[in-house]
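To start, the structure itself, in structure tokens.
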Amino acid sequence: MAKHAVLSSGTHLWRSLACAKSELRLDLTLACGQSFRWRETAEGHWTGVMRGRVWTLTQTDDTLWYHVYDERKCGTRKRTGDSSEQKLKEFVKEEEDGEEEEQLRDYFQLNVKLETLYTEWGAADPHFKKIANIFTGVRLLRQEPTECLFSFICTSNNHISRITGMVERLCQALGAPLDQLDRTTYYDFPSLSALADGSVETRLRDLGFGYRAQFLQQSAKKILDSYGTQWLEGLRNVPYLEAHDALRTLPGVGTKVADCVCLMSLDKAEAVPVDTHVWQIAKRDYQFASSGRQKSITDKLHRDIGHFFRNLWGPYAGWTQSVLFCADLKKFQQLKETQSVEQPRNQEERVEEESDAAKSESKERSKPKKSNLCSEKTTTYVKKRRM
DNA sequence: CTACGACCTGT
DNA sequence: CAGGTCGTA
Numbered sequence: 001m002a003k004h005a006v007l008s009s010g011t012h013l014w015r016s017l018a019c020a021k022s023e024l025r026l027d028l029t030l031a032c033g034q035s036f037r038w039r040e041t042a043e044g045h046w047t048g049v050m051r052g053r054v055w056t057l058t059q060t061d062d063t064l065w066y067h068v069y070d071e072r073k074c075g076t077r078k079r080t081g082d083s084s085e086q087k088l089k090e091f092v093k094e095e096e097d098g099e100e101e102e103q104l105r106d107y108f109q110l111n112v113k114l115e116t117l118y119t120e121w122g123a124a125d126p127h128f129k130k131i132a133n134i135f136t137g138v139r140l141l142r143q144e145p146t147e148c149l150f151s152f153i154c155t156s157n158n159h160i161s162r163i164t165g166m167v168e169r170l171c172q173a174l175g176a177p178l179d180q181l182d183r184t185t186y187y188d189f190p191s192l193s194a195l196a197d198g199s200v201e202t203r204l205r206d207l208g209f210g211y212r213a214q215f216l217q218q219s220a221k222k223i224l225d226s227y228g229t230q231w232l233e234g235l236r237n238v239p240y241l242e243a244h245d246a247l248r249t250l251p252g253v254g255t256k257v258a259d260c261v262c263l264m265s266l267d268k269a270e271a272v273p274v275d276t277h278v279w280q281i282a283k284r285d286y287q288f289a290s291s292g293r294q295k296s297i298t299d300k301l302h303r304d305i306g307h308f309f310r311n312l313w314g315p316y317a318g319w320t321q322s323v324l325f326c327a328d329l330k331k332f333q334q335l336k337e338t339q340s341v342e343q344p345r346n347q348e349e350r351v352e353e354e355s356d357a358a359k360s361e362s363k364e365r366s367k368p369k370k371s372n373l374c375s376e377k378t379t380t381y382v383k384k385r386r387m
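So the first sequence is numbered by full-length UniProt numbering: it starts at 1 and just counts up by one.
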């Protein structure tokens with residue numbers, strides 16, 4: 001039976017490309033709620049499906065290693081002895097290698113120089129600078145639009161651990177099986193037509209999708225019936241707001257989900273998805289005060305917070321946001337502690353600030369009198385009513 | 001535009 | 001209530 005590849009058993013099964021950890025941290029990037037499809041299958045080894053194939057990724061200081069499993073079972077292919085055929089195969093193999101590297105570069109958007117961006121963000125924002133020293137290498141994946149859209153329809157009123165299970169069952173139920181590695185079978189993400197099938201809603205409800213089952217099936221059907229198979233991909237080539245509004249015509253897609261899809265699969269680096277968590281960050285760490293003391297996140301609040309952060313961080317604000325979002329996840333809190341043991345001074349400063357912020361926040365509702373960077377800037381920035 | 005309840009399920 | 005969205009006031 002085929003097994004998950006591990007680097008320690010030899011580099012001959014692996015390809016590599018130069019990539020510093022300051023540019024990419026697999027552990028943070030693959031487990032911070034962007035994609036729900038990667039699992040740590042061995043220490044520091046991440047296995048998942050990308051472009052219809054199963055990959056395992058791992059990294060050392062300056063190198064990103066990747067292994068692509070061959071779903072065509074060529075691992076056991078026989079030597080034919082025909083040298084010309086062998087040569088042809090090797091040629092084809094090399095072509096594929098180039099293609100695979102290119103796919104990986106595309107998926108991680110390695111053309112975007114993250115270190116440079118971190119420097120710029122840190123110069124503009126002292127709070128980011130503090131976080132940035134620990135949470136390096138958090139970058140945006142460039143996901144396949146269909147997978148991204150339908151995964152994020154599952155995220156409404158939901159938390160990461162449950163979403164992960166749901167997406168897994170979605171692929172199991174409706175996606176094509178690819179490879180089996182050590183007891184686990186990997187499935188491709190379902191096609192639009194598989195998702196649009198009339199039986200899907202009931203099927204997914206049985207799998208615990210709740211009311212989202214209907215959203216998934218109806219969105220797929222609407223895309224197929226009204227927009228066409230190339231529509232989603234095509235949104236990569238239109239401006240952010242246009243793509244955002246187009247996505248919002250789909251059932252189950254509100255402002256937050258639309259922003260996630262824009263940012264994570266449609267090349268809209270300026271999109272800032274605002275959930276309650278990001279709202280907390282805006283209030284706690286940036287003294288963001290909205291005009292009306294909102295109880296929940298309205299569309300207007302989405303826009304205002306988006307404008308505020310774009311104004312602060314610039315055209316890659318969505319990327320910046322994901323670093324801070326990642327740094328706030330419970331599962332990564334240990335990283336802060338380990339780091340701050342080495343730097344006790346920073347630790348004390350941080351804790352002090354945080355408890356201060358927390359205190360004032362709990363009293364804030366009655367007296368929102370804080371001075372803020374935002375209200376002035378955002379009001380001038382928001383000339384139009386729409387984003 | 002804002003407010004509010006309903007909606008699935010799990011902790 | 002949780003990393004929302006929809007329908008209705």
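Heads up, the beta-carbon is just placed ideally off N, CA and C, and yes, glycines get one too.
query	result
Would you grab the beta carbon distance between T60 and H45 for me? Rounded to a whole angstrom, and I think it's under 8 Å.	T60 to H45, Cβ: 12 Å. No contact.
Pull up the distance between the alpha-carbon of Q280 and that of R142, whole angstroms please.	26 Å
Here's the rule: buried if 16 or more other CB atoms are within 10 angstroms of the residue's CB, otherwise exposed. What is D97?	exposed
Taking all protein chains shown into account, decide if Y69 is buried (16 or more other Cβ within 10 angstroms of its Cβ) or exposed.	buried
Is the beta carbon of M174 less than 8 Å from the beta carbon of L195?	Met is not the amino acid found at residue 174; the sequence shown has Leu there. Result yes, Cβ atoms of L174 and L195 sit closer than 8 Å.
Determine the direct distance from the alpha carbon of R212 to that of D158, and round the result to whole angstroms.	According to the sequence provided, residue 158 is Asn. The question's Asp does not apply to it. Their Cα atoms are separated by approximately 10 Å.
Counting only runs that start and end within the region 250 to 304, where is the alpha helix (DSSP H) found for 4 or more residues in a row?	255 to 265, 276 to 286
Any idea if E43 is buried or exposed, counting beta-carbon neighbours within 10 angstroms, 16 or more meaning buried?	exposed
Taking all protein chains shown into account, do 16 or more other C-beta atoms lie within 10 angstroms of the C-beta of M1, making it buried, or fewer, making it exposed?	exposed
In three-state terms, what does DSSP make of G48?	strand
Roughly how far, in whole angstroms, is the beta-carbon of F309 from the beta-carbon of C32, given that I think they are within contact range, below 8 Å?	Not a contact, Cβ separation roughly 17 Å.
In angstroms, rounded to a whole number, what distance separates the CA positions of A246 and H12?	46 Å
Kindly give me the distance between the Cβ atoms of Y107 and M50, rounded to whole angstroms, as I take these residues to be in contact under 8 Å.	6 Å
Under 8 Å between the Cβ atoms of G122 and K21?	no
Looking at the unbroken beta strand (DSSP E) that takes in H67, where does it start and where does it end?	63 to 68
Should V92 be labelled buried (16 or more other beta-carbon atoms within 10 Å of its own) or exposed?	exposed
Alpha carbon to alpha carbon, what distance is there between V278 and E364?	Confidence at E364 is low in this model, with a pLDDT of 34, below 50, so its placement is unreliable and no value can be given for it.
Just to confirm the assignment, what range does the alpha helix (DSSP H) spanning L195 have?	192 to 196
Does DSSP put S156 in a helix, in a strand, or in coil?	coil
For P177, which three-state DSSP category applies?	strand
What would DSSP say about E40, mapped onto helix, strand or coil?	strand
Assign G208 to buried or exposed, taking buried as 16 or more other Cβ atoms, counted over all protein chains shown, within 10 Å of its Cβ.	exposed
According to DSSP, is R248 helix, strand or coil?	helix
For G10, count the other beta carbons within 10 Å of its own beta carbon; 16 or more makes it buried, fewer makes it exposed. Which is it?	exposed
Jot down the residue ranges of each uninterrupted alpha helix (DSSP H) in the region 101 to 159, minimum 4 residues, whole runs only, in chain order.	114 to 124, 126 to 132, 145 to 153
With the cut-off set at 8 Å, would you say F215 and L28 are in Cβ contact?	no
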